[in-house]
Amino acid sequence: MADASGPSVAARDDLAGVVDLFGWLTRAELSRALSELAFKQRAEVDEAAIDAAIDLAVAEYALVPAPSAALSSAGSESASERETALAVGPAAFPTLPAGAEDLPHILEIPDREVDREALSDAVLERLREEAVAAIGDSDDERLETLADVTYDVEAWAPVDVDPVRTRILAEVDEA
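Heads up: the sequence shown runs through residues 77 to 251, numbered per my numbering.
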């Protein structure tokens, strides 16, 4: 799942592909799906690598936390499970890893959907909050990442990211 330099872009896109199969997954469900894939591929399960790959995918907006208002399901998840849901984010190019097509049968997860409008509003709010925090911390590396994400968000959803991008780029240019 990860090499010495950390999870690759392909790994993040594979995670997004697995999530895309279901509409959304909780972090625990995604971890279980990745463990099942490793088992199918006769690979050793490295929980730390799985956690790192998920963390990186979330940090780089390949996966995004989905608010409960954006989630629908034929199942009966608890509120706490829905709060930890992850959906495909704007920086992802979902790909299906080998063997993933069997995951819906293995995991027995009900059909799910994501309300893209509610999800895009949540992503824009998160982007604003992270930009403010990165500016406050003078975190130029994070600001560069967030600047890139603004273009992804703009292509992904009909939201106005220009004010956020303008503020981020002004900070980056001052550095």
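Built from N, CA and C at the ideal position, the CB exists for glycine as well.
Taking the beta strand (DSSP E) that residue i falls in, what are its first and last residues?
{"i": "P141", "result": "139–141"}
{"i": "A168", "result": "Here A168 belongs to no beta strand (DSSP E), and DSSP marks it neither H nor E."}
{"i": "E189", "result": "188–190"}
Report yes if the C-beta of residue i is less than 6 Å from at least one heavy atom of the ligand GDP; otherwise report no.
{"i": "I126", "result": "This structure does not include the ligand GDP; it has no bound ligands of any sort."}
Are the Cβ atoms of residue i and residue j separated by less than 7 Å?
{"i": "L195", "j": "A142", "result": "yes"}
{"i": "A109", "j": "V121", "result": "no"}
{"i": "D89", "j": "A168", "result": "yes"}
{"i": "R161", "j": "T102", "result": "Looking at the sequence provided, one finds Ala at residue 161 rather than Arg. Yes, they are a contact pair."}
How long is the line joining the alpha carbons of residue i and residue j, rounded to whole angstroms?
{"i": "E189", "j": "L147", "result": "6 Å"}
{"i": "A135", "j": "A176", "result": "23 Å"}
{"i": "D96", "j": "A163", "result": "7 Å"}
{"i": "A231", "j": "A210", "result": "23 Å"}
{"i": "E201", "j": "L219", "result": "16 Å"}
{"i": "A251", "j": "K116", "result": "48 Å"}
{"i": "T242", "j": "A119", "result": "45 Å"}
{"i": "V235", "j": "Y227", "result": "11 Å"}
{"i": "V229", "j": "A223", "result": "10 Å"}
The alpha helix (DSSP H) spanning residue i covers which residue range?
{"i": "E220", "result": "216–232"}
{"i": "R108", "result": "103–116"}
{"i": "T160", "result": "Per DSSP, T160 belongs to no alpha helix (DSSP H) and is neither H nor E."}
{"i": "I126", "result": "123–135"}
Throw me the rounded Cβ distance for the residue i and residue j pair, which I believe falls under 8 Å.
{"i": "G165", "j": "A207", "result": "So it is not a contact: roughly 16 Å between Cβ atoms."}
For chain D, is any of its Cβ atoms less than 7 Å away from the one on residue i?
{"i": "T242", "result": "Judged by its chain identifiers, the structure shown contains no chain D, having just a single protein chain."}
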